[in-house]
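**Student:** Pasting a structure here, questions to come.
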Ligand SMILES: [Zn+2]
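In the working numbering, the protein residues as written are -9 to 311.
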């Protein structure tokens, strides 16, 4: 007798009833680029549809839209006016992320605020840590990261997301936040962050290309999967509340494996290169951008992502609610 799985695909209602994975607006986090200065809203050329926004009326207007579209959380990146060796504006109360947090927390309390914690957007050399003798120093970087995280939280951040890939930073940040009585603030750790070519457009967006060398001494080798599990488990041990895999599309196996290994939520970062390829593919008439996008995000969720950080979020949310 022929077995007939097609029976369950025959009717639209039935297909909806038996679907295993569904994408909703609740899954999405929208990244925002906050640029120090006034009255700035400039489209990022390599990320069409995404903007540099100053922490004033320009951000306010965008936040209104974000809330209206049903997005629950944003991930904030800062672009300072001045950069120096230690990235001091990353932890200044007057830094762009700190200002944005205060504004958003006060005027849009329903929006969940996550902040990226790293130095690369703030250092003159564009590296994620303190550089001495041409080397990124792991332990010397930790105090700067903890100060940055603390200043975000003091400004109203609901969650911090360290993206630097220094060893021991989750524990250092956890201890600092606890010391200051911020024990309720979760940490989303960029645990398996690969040295990927898919970050190209982001570096334009954050003006954070390193002025020498690259990030392969701290970001992961794309050839390694078991190492991602080791990183994820270490971060769980250090106190991470959510584990992130970045990028997403070329690393679905990593999302899947991390999900099997840890019992906390897993986030996927649908990175700038993934975004730009789909956008440009659609504009060039090669694919239906919308359909390919939904299929890609669905694949991330099917692989195990509980939440997805995506530049498409704002555009897509309304359709998914
Ligand atoms: Zn960095």
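Even for Gly, the Cβ is constructed at its ideal location relative to N, Cα and C.
No experiment lies behind these values; they were computed from the predicted model shown.
Using only the heavy atoms of ligand 1, determine whether one of them is closer than 7 Å to the beta carbon of residue 80.
**Tutor:** Taking the chain shown and counting its residues from 1, the one referred to as residue 80 is at position 90. Answer for residue 80: no, Cβ out of range of ligand 1.
**Student:** Could you check whether residue 177 and residue 231 sit closer than 8 Å to each other, using their CB atoms as the reference points?
**Tutor:** Locating residue 231 in the chain shown gives position 241, where the first residue counts as 1. Locating residue 177 in the chain shown gives position 187, where the first residue counts as 1. Against a cut-off of 8 Å, the Cβ pair of residue 177 and residue 231 comes out as a contact.
**Student:** Taking residue 310 as the reference, which of 264, 66 and 62 has the closest Cα?
**Tutor:** Taking the first residue of the chain shown as position 1, residue 310 is located at position 320. Per the Cα distances, 62.
**Student:** Measuring from the CB of residue 194, is there a heavy atom of ligand 1 at a distance below 7 Å?
**Tutor:** In the chain shown, counting from the first residue as 1, residue 194 sits at position 204. Checking every heavy atom of ligand 1 against the Cβ of residue 194, none is found closer than 7 Å.
**Student:** Does the beta-carbon distance from residue 45 to residue 70 come in below 8 Å?
**Tutor:** Counting from one through the chain shown, the residue named residue 45 turns up at place 55. Counting from one through the chain shown, the residue named residue 70 turns up at place 80. Not a contact, by the Cβ cut-off of 8 Å.
**Student:** What would DSSP say about residue 17, mapped onto helix, strand or coil?
**Tutor:** Taking the chain shown and counting its residues from 1, the one referred to as residue 17 is at position 27. Residue 17: helix per DSSP, three-state reduction.
**Student:** Return the first residue and the last residue of the alpha helix (DSSP H) that residue 312 is part of.
**Tutor:** It is not possible to answer for residue 312, since the shown part of the chain is limited to -9 through 311.
**Student:** Helix, strand or coil: how does DSSP classify residue 256 here?
**Tutor:** Working through the chain shown from its first residue, we reach residue 256 at position 266. Here residue 256 sits in strand by DSSP.
**Student:** What residue range does the alpha helix (DSSP H) around residue 272 cover?
**Tutor:** Locating residue 272 in the chain shown gives position 282, counting from the first residue. Start and end: 262 to 273.
**Student:** Answer with buried or exposed for residue 173, where buried requires no fewer than 16 other C-beta atoms within 10 angstroms of its C-beta.
**Tutor:** Start at 1 with the first residue of the chain shown, and residue 173 comes out as number 183. Residue 173 comes out exposed.
**Student:** Three-state secondary structure (DSSP) at residue 42?
**Tutor:** Translated into the one-based positions of the chain shown, residue 42 becomes position 52. Looking at residue 42 - three-state DSSP - the assignment turns out to be strand.
**Student:** I'd like to confirm the pairing. Which residues does DSSP put opposite residue 122 in its beta bridges?
**Tutor:** Residue numbering aside, residue 122 sits at position 132 when the chain shown is read from its first letter. Looking at the DSSP assignment, residue 122 forms a beta bridge with 125.
**Student:** Out of 119, 123, 124 and 245, which has the shortest C-alpha to C-alpha gap to residue 136?
**Tutor:** Indexing the chain shown from 1 puts residue 136 at position 146. Ranking 119, 123, 124 and 245 by Cα distance to residue 136 puts 119 first.
**Student:** Closer than 6 Å by C-beta to residue 121: which residues in its own chain qualify, once you throw out the five before and the five after it? Chain order, please.
**Tutor:** Reading the chain shown from its first residue, position 131 is the one you call residue 121. The residues are 115.
**Student:** Rounded to a whole number of angstroms, what is the C-alpha to C-alpha distance between residue 254 and residue -9?
**Tutor:** Position 264 of the chain shown holds residue 254. Position 1 of the chain shown holds residue -9. Whole-angstrom Cα-Cα distance: 44 Å.
**Student:** In three-state DSSP terms, what is residue 106?
**Tutor:** As a first step, residue 106 is located in the chain shown; it is residue number 116 there, counting from the start. Strand at residue 106.
**Student:** For ligand 1, is there any heavy atom lying closer than 7 Å to the beta carbon of residue 154?
**Tutor:** Here residue 154 refers to the residue found at position 164 of the chain shown. For ligand 1, at least one heavy atom lies less than 7 Å from the Cβ of residue 154.
**Student:** Could you give the first and the last residue of the continuous beta strand (DSSP E) run that contains residue 63?
**Tutor:** Numbered from 1 along the chain shown, position 73 holds the residue referred to as residue 63. Per DSSP, residue 63 belongs to the beta strand (DSSP E) from 63 to 69.
**Student:** Checking the sheet assignment: what are the DSSP bridge partners for residue 235?
**Tutor:** Locating residue 235 in the chain shown gives position 245, counting from the first residue. Paired residues: 182 and 258.
**Student:** Report all residues from its chain with a CB closer than 8 Å to the CB of residue 197; omit the five preceding and five following residues, and keep chain order.
**Tutor:** Your numbering for residue 197 matches position 207 in the chain shown. Within the same chain, residue 197 has close Cβ partners 69 and 111.
**Student:** Assuming residue 151 and residue 107 form a contact by the criterion Cβ under 8 Å, report the distance between their Cβ atoms to the nearest whole angstrom.
**Tutor:** Residue 151 sits at position 161 when you count from the first residue of the chain shown. Residue 107 sits at position 117 when you count from the first residue of the chain shown. Right, their Cβ atoms sit about 6 Å apart.
**Student:** Does the Cβ-Cβ distance between residue 221 and residue 182 come in under 8 Å?
**Tutor:** As a position in the chain shown, residue 221 is number 231, starting the count at 1. As a position in the chain shown, residue 182 is number 192, starting the count at 1. Contact: yes.
**Student:** Whole-angstrom Cβ separation of residue 297 and residue 19, contact assumed at under 8 Å?
**Tutor:** The residue labelled residue 297 in the question sits at position 307 within the chain shown. The residue labelled residue 19 in the question sits at position 29 within the chain shown. With a Cβ gap of about 6 Å, residue 297 and residue 19 count as contacting.
**Student:** I need the boundaries of the alpha helix (DSSP H) containing residue 249, first residue and last residue.
**Tutor:** Start at 1 with the first residue of the chain shown, and residue 249 comes out as number 259. That run of the alpha helix (DSSP H) goes 242 to 251.
**Student:** If you draw a straight line from the C-alpha of residue 139 to the C-alpha of residue 149, how long is it?
**Tutor:** Locating residue 139 in the chain shown gives position 149, where the first residue counts as 1. Locating residue 149 in the chain shown gives position 159, where the first residue counts as 1. Taking the straight line from one Cα to the other gives about 9 Å.
**Student:** Find out if the Cβ-Cβ distance for the pair residue 104, residue 57 is shorter than 8 Å.
**Tutor:** Counted from its first residue, the chain shown places residue 104 at position 114. Counted from its first residue, the chain shown places residue 57 at position 67. Their beta carbons are not under 8 Å apart, which means residue 104 does not touch residue 57 by this criterion.
**Student:** For my contact list, residue 200 and residue 263 are in at a C-beta cut-off of 8 Å; report their separation, rounded to the angstrom.
**Tutor:** Walking along the chain shown from the start, residue 200 turns up at place 210. Walking along the chain shown from the start, residue 263 turns up at place 273. No, residue 200 and residue 263 are not in contact; Cβ-Cβ is about 17 Å, not under 8 Å.
**Student:** Do residue 208 and residue 290 have their C-beta atoms closer together than 8 Å?
**Tutor:** What you label residue 208 is simply residue 218 of the chain shown in a count that begins at 1. What you label residue 290 is simply residue 300 of the chain shown in a count that begins at 1. Their beta carbons are not under 8 Å apart, which means residue 208 does not touch residue 290 by this criterion.
**Student:** Would you decide whether residue 153 is buried or exposed? Buried here means 16 or more other CB atoms lie within 10 Å of its CB.
**Tutor:** Indexing the chain shown from 1 puts residue 153 at position 163. Residue 153 should be labelled buried.
**Student:** Quick test of your reading: residue 13 and residue 284, contact by CB under 8 Å. State the CB separation rounded to the nearest angstrom.
**Tutor:** Here the question's residue 13 lines up with position 23 in the chain shown. Here the question's residue 284 lines up with position 294 in the chain shown. Sure, about 7 Å apart at Cβ, within 8 Å.
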